[in-house]
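Numbers in my numbering are just positions in the sequence shown, counted from 1, shifted up by 809.
A short worksheet on the structure shown next.
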Amino acid sequence: MTFDVERIRRDFPILQQAIRGKPLVFLDSGASAQKPRAVIEAMVRCMEERYANVHRGAYFLSEAATEAYEAARGAVAGFINAADPREVIFTANSTAAINLVAHSWGRGVLRPGQAVLISEMEHHANMVPWQMLRDEGRGIELRVARVTEAGELDLDDVAARLADGKVGLVAVTHMSNVLGTVTPAERLVRMAHEAGARILFDGSQAAVHRRVDMQALGADFYVFTGHKLYGPTGIGVLWARLEHQERMPPFLGGGDMISLVTLDRVEWAPPPAKFEAGTPPIVEAVGLHAAIDYVSAIGMPAVEAHERRLVDHAMRRLSDIEGLGLLGRAQDRGGVFAFSLDNAHAHDLATLLDRAGIAVRAGRHCAEPLHARFGVESGTVRASFGLYTTEGEIDYLAEALTKAREFFA
């Protein structure tokens, strides 16, 4: 099937508007993607026709809502090729999913004297929870693998930090939200397991841009979020092997995560309910299901091919702009470009681009240590692509940056 980006763009109502009298050029999908009409309508339909709280309601609306909620779990399992839908835990977002693992695996399974290994390129969501664990005085060490000048994970440094066998968990990004770098996930899984460690991937960016297959990958934990995958905010996914879920204590206590409560003791519900305390994101799960259906109908191979064309085009256009410095030039990368422009502060540059109708992000993108690593503590501008991004929009960005260079000169 031919990838028809103009047809796809018509599915996103928000893209049809003008900003400051200019056609909207939305290049901030890495922060949160726009929503197709199919997702919006599915959520409205749920609220208008099929909404009630899920599980245990002995009436039609509750049964219908429960069926829709669990169908969303099945859709996620199919999307990532999980072996069992019970491996899918719904959370609020990727941050909540990583915190769940940091609490339940980090505090419930890791032992004093063990270490967690992360990298310099991590989003704060995959860094701060492990710093908190380290700082609690439980005897858990935090190790950090280096990033090369090209913006790639230094695998020799990873191997060196795994060598003593004390690392209990490796927690790394599958695709950097700043550099666009796609890490060699299968190789990292082998390295971690050979060293006796488990491995978690932050797939917040990767799951949007590439086909991910849990059975082929062989990881232990994988997280991603709905709002970057053209779905709603308020819902994320933790994929965790059932044998790991069995060993992990709950993160939150309350309703729906128990099988028995007395004044003297509590028995937990079986996974994944054990980790889904309280009323879950029902409408959001319906929206995520619709988003997965939408992306799957296009086909992840087609999405990935489209993005590769965009990445190649952006590399050519942005590399030609005098005074523009790209952060990272990894050989395997996705549609995320962070850059600086001579004499221009990132926030000033982003404001100027906004006046041309271009939406980009400015700052350190929840990756302050990575910016320090590359000596750009003041921040960068980031352009990130979605399946609705066009080569024409990249050309328009390049032209606007060329004019901005003259403005700030």
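Positions of the beta carbon are idealized from the N, C-alpha and C atoms, including for glycine.
> What does residue 951 pair with, by DSSP beta-bridge criteria?
Replying inline: For the purposes of this step, residue 951 is taken as the residue at position 142 of the sequence shown. Beta-bridge pairing links residue 951 to 925.
>> Could you tell me the alpha carbon to alpha carbon distance between residue 1117 and residue 1197, rounded to whole angstroms?
In response: What you label residue 1117 is simply residue 308 of the sequence shown in a count that begins at 1. What you label residue 1197 is simply residue 388 of the sequence shown in a count that begins at 1. Taking the Cα positions, residue 1117 is about 13 Å away from residue 1197.
> Among 1141, 938, 1186 and 1119, which residue has its Cα nearest to the Cα of residue 1206?
Replying inline: Locating residue 1206 in the sequence shown gives position 397, where the first residue counts as 1. It is 1119.
>> Let me check understanding here. Comparing Cα to Cα, which of 919, 1101 and 1124 lies closest to residue 1057?
In response: On the sequence shown, position 248 is the one that residue 1057 refers to. Nearest of 919, 1101 and 1124 to residue 1057, Cα basis: 919.
> Do residue 1108 and residue 1144 have their CB atoms nearer than 9 Å?
Replying inline: Residue numbering aside, residue 1108 sits at position 299 when the sequence shown is read from its first letter. Residue numbering aside, residue 1144 sits at position 335 when the sequence shown is read from its first letter. Cβ distance not < 9 Å, so residue 1108 and residue 1144 don't count as in contact.
> Does the separation of the CB atoms of residue 857 and residue 866 fall below 9 Å?
Replying inline: As a first step, residue 857 is located in the sequence shown; it is residue number 48 there, counting from the start. As a first step, residue 866 is located in the sequence shown; it is residue number 57 there, counting from the start. Going by C-beta atoms, residue 857 is not nearer than 9 Å to residue 866.
> Secondary structure at residue 883, three-state DSSP: helix, strand or coil?
Replying inline: Taking the first residue of the sequence shown as 1, we reach residue 883 at position 74. Looking at residue 883 - three-state DSSP - the assignment turns out to be helix.
>> Contact defined as beta carbons within less than 8 Å: I believe residue 1168 pairs with residue 836. What is the distance between those atoms, to the nearest angstrom?
In response: Translated into the one-based positions of the sequence shown, residue 1168 becomes position 359. Translated into the one-based positions of the sequence shown, residue 836 becomes position 27. Right, their Cβ atoms sit about 6 Å apart.
> Exposed or buried, what is residue 853 when buried is set at 16 or more other beta-carbons lying within 10 Å of its beta-carbon?
Replying inline: Here residue 853 refers to the residue found at position 44 of the sequence shown. The residue is exposed, with fewer than 16 neighbouring Cβ atoms inside 10 Å.
> With DSSP run on the structure shown, which of helix, strand or coil describes residue 1176?
Replying inline: To locate residue 1176, count along the sequence shown from 1; it is residue 367. Coil, per DSSP.
> Is there contact here, the region 1065-1074 with the region 1012-1028, by at least three beta-carbon pairs under 8 Å?
Replying inline: no
>> Give me, in chain order, the residues of the same chain whose beta-carbon lies closer than 6 Å to that of residue 1111; leave out the 5 immediate sequence neighbours on both sides.
In response: Locating residue 1111 in the sequence shown gives position 302, where the first residue counts as 1. Closer than 6 Å at Cβ, skipping near neighbours: 812.
> Where does the unbroken alpha helix (DSSP H) through residue 966 begin, and where does it stop?
Replying inline: Taking the first residue of the sequence shown as 1, we reach residue 966 at position 157. Its alpha helix (DSSP H) spans residues 964-971.
>> Check for me: the beta strand (DSSP E) holding residue 1112 runs from which residue to which?
In response: Reading the sequence shown from its first residue, position 303 is the one you call residue 1112. Where residue 1112 is concerned, there is no enclosing beta strand (DSSP E), although the alpha helix (DSSP H) it sits in stretches over 1109-1128.
>> Just list the residues that DSSP pairs residue 837 with in beta bridges.
In response: Residue numbering aside, residue 837 sits at position 28 when the sequence shown is read from its first letter. Residue 837 is bridged to 1193.
> Alpha carbon to alpha carbon, what distance is there between residue 1147 and residue 1016?
Replying inline: As a working mapping, residue 1016 is identified with position 207 in the sequence shown. As a working mapping, residue 1147 is identified with position 338 in the sequence shown. One C-alpha to the other measures close to 20 Å.
>> Checking the sheet assignment: what are the DSSP bridge partners for residue 821?
In response: As a position in the sequence shown, residue 821 is number 12, starting the count at 1. According to DSSP, which records beta bridges pairwise, residue 821 is partnered with nothing at all.
>> Here's the rule I'm using: 16 or more other beta-carbon atoms within 10 Å means buried, otherwise exposed. How should residue 826 be labelled?
In response: Walking along the sequence shown from the start, residue 826 turns up at place 17. Exposed, since its Cβ has fewer than 16 Cβ neighbours within 10 Å.
>> I need the straight-line Cα distance from residue 979 to residue 893, nearest angstrom please.
In response: Stepping through the sequence shown from its first residue, residue 979 is reached at position 170. Stepping through the sequence shown from its first residue, residue 893 is reached at position 84. Answer to the nearest angstrom: the Cα atoms are 23 Å apart.
> What is the DSSP secondary structure of residue 1008, counted as helix, strand or coil?
Replying inline: Stepping through the sequence shown from its first residue, residue 1008 is reached at position 199. Reduced to three states, the DSSP call for residue 1008 is strand.
> Grouping DSSP H, G and I as helix and E and B as strand, with all else coil, what is residue 1068?
Replying inline: Taking the sequence shown and counting its residues from 1, the one referred to as residue 1068 is at position 259. The answer is strand: DSSP assigns residue 1068 an E or B state.
>> Please report the distance separating the alpha-carbon of residue 982 from that of residue 1215.
In response: Residue mapping note: residue 982 aligns to position 173 of the sequence shown, counting from 1. Residue mapping note: residue 1215 aligns to position 406 of the sequence shown, counting from 1. Rounded to the nearest angstrom, the two C-alpha atoms are 36 Å apart.
>> Using the Cβ count rule (16 or more neighbours within 10 Å means buried), how would you classify residue 797?
In response: Within the shown structure, residues of the chain are numbered from 810 to 1218, placing residue 797 beyond reach of any answer.
> Out of curiosity, what's the CA-to-CA distance linking residue 929 and residue 1070?
Replying inline: Position 120 of the sequence shown, counting from 1, holds the residue named residue 929. Position 261 of the sequence shown, counting from 1, holds the residue named residue 1070. The straight-line gap from Cα to Cα measures roughly 43 Å.
>> On the DSSP bridge list, what partners appear for residue 1077?
In response: In the sequence shown, counting from the first residue as 1, residue 1077 sits at position 268. BP columns for residue 1077 point to 1067.
> Can you name, in chain order, every residue of its own chain whose Cβ lies under 8 Å from the Cβ of residue 1051, other than the five neighbours on each side?
Replying inline: Residue 1051 sits at position 242 when you count from the first residue of the sequence shown. Correct list, in chain order: 893, 895, 896 and 1080.
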